[in-house]
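Quick note on numbering: this note's numbering labels position 287 of the sequence shown as 291, and the sequence is numbered without any gaps.
Idealized CB from N, CA, C, for every residue including glycine.
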Amino acid sequence: MPLQFGRTAYVAIGEEVTYGTPVATPVNNRVFSVSMARKQDRERTTHLSQSSAAFAVNTFDGFEVAGGAIETPLTYKGLGMLLKAAVGSVTSTGGPAPHTHTFSPIAALPSLTITVQRGTGSKEIFEGCKVANMTLSCEAGGEARASFEVIAETAAARSAALPAPVFGDGAQIFHFQSSTLSYDSNTYSMRSMELSLDNKLERVNYLGSKLTTEPQISDVREVTLTVTMDLEDNNLYNSQISGTASNVEVTFTSGSDSFNILLRGAEIVDYDDAVNSFGRIERTITFFGLSDSSNEALRIEMVNDD
């Protein structure tokens with residue numbers, strides 16, 4: 005049989021109307037990597053009967069565990085379904101382009117059907133996919149990346165490959181398109197940034213099935229923005245000491261397209277500017293977003309022609 009290769013791998017996505025009921029997957033996205041898989045846990049039985057040499061004599065099926073990670077280029081359009089699945093909701097402006105798409109958190113997270121084209125090999129269709137964690141990152145000299153950790157209900161048997169993909173025309177986001185970071189009326193040049201959203205999703209298993217039911221939020225959701233920058237002043241150090249709460253914001257822009265990340269009421273929960281070389285001193289800061297009675301901790305705003 006011919007060898008299979010990772011080249012030409014991609015994912016195709018559709019938003020489900022009902023959790024776990026698969027739908028068509030019309031939106032194709034490029035990937036850097038994809039680790040989604042379907043696995044059957046298998047446990048040995050624990051009764052006291054053994055072989056004459058004291059080995060186990062039987063096993064049983066535990067839970068079926070489906071899901072994994074998707075890492076894709078961050079783009080100015082084309083990632084709307086994944087961003088909505090991670091954050092919760094989206095509203096879009098009408099009329100002529102450009103259009104503004106505002107992603108706002110809600111507790112009722114949507115589910116997706118995700119088809120994984122496994123390079124030059126077969127396809128695998130995952131249903132009941134919910135985004136447990138999302139990471140958006142970029143470093144100086146690099147491509148912006150989006151990573152989604154997915155919990156799935158199950159997947160169909162691997163089958164014949166998808167046809168050649170038709171990708172959208174969403175432009176990829178690169179490091180040189182970033183703004184400075186703004187916080188507490190000051191701006192800062194960054195060496196790297198990473199937004200992390202943890203939805204605290206947990207599988208829910210019951211007697212009668214090896215599959216999870218719809219995963220639920222099991223703890224307080226958390227959103228942080230971790231940045232590395234050169235040490236130029238003590239403003240952020242002092243903000244960390246005093247417990248300053250302020251919006252922190254980063255924007256990527258290319259022509260009329262933009263991608264904006266806003267953490268509201270952010271406090272600095274980790275700060276490190278250790279002196280460990282003759283060269284420039286770097287500092288790493290983690291901002292923790294907080295909600296209030298009128299605004300949630302996170303907002304992502306994407307402007308494009310779609």
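Under DSSP, G84 shares a beta bridge with no residue.
Separation of I177 and F171 (C-alpha to C-alpha, rounded to the nearest whole angstrom) is 16 Å. With respect to the 8 Å criterion, V254 and M197 are classified as neighbours on the basis of their beta carbons. A direct Cα-to-Cα measurement between D234 and I245 gives close to 19 Å.
Note that the C-beta distance between G123 and A13 is below 8 Å. The C-alpha of Q44 lies about 35 Å from the C-alpha of E147. A70 is the residue among T106, P109, A70 and T79 whose C-alpha sits nearest the C-alpha of I118. Three or more Cβ pairs closer than 8 Å define a contact, and the segment 77-95 falls short of that threshold against the segment 47-54. In this structure, the beta-carbon distance from V154 to I74 falls below 8 Å. Considering only N264, N299, A90 and A60, the residue with the shortest C-alpha distance to C133 is A90. DSSP places A156 within a strand segment (E or B) once states are collapsed to three. Taken in chain order, the whole beta strand (DSSP E) runs of length 3 or more contained in the segment 285-309 are 286-292 and 302-308. Partner residues in the beta bridge of S186, as assigned by DSSP, are T191 and E253. About 5 Å separates the beta carbon of A41 from that of G72, a gap short enough to meet the 8 Å contact definition. Per DSSP, the continuous beta strand (DSSP E) segment holding I17 begins and ends at Y14 to E19.
Beta-bridge partners of Y275 (DSSP): I289.
In the structure shown, the three-state DSSP call for A41 is strand.
Non-local beta-carbon contacts of I304 in its own chain, meaning distances under 8 Å to residues more than five positions away in sequence, involve L87, V91, T106, F107, F263, N264, I265 and L266 in chain order.
A89 carries a helical assignment under DSSP once its states are collapsed to helix, strand and coil.
Two segments are said to touch when three or more pairs of C-beta atoms, one from each, lie closer than 8 Å; by this definition the segment 202-209 does not touch the segment 290-301. When secondary structure is reduced to three states using DSSP, Q244 falls in the helix class. Remark: C-beta atoms of D202 and N137 approach each other more closely than 8 Å.
Each of V15, E68, P100 and L113 was checked against the Cα of S260, and the nearest Cα belongs to P100. Residue pairing by DSSP places M197 opposite C142 and V231 in a beta bridge. Per DSSP, the unbroken beta strand (DSSP E) holding T63 starts and ends at T63 to P77.
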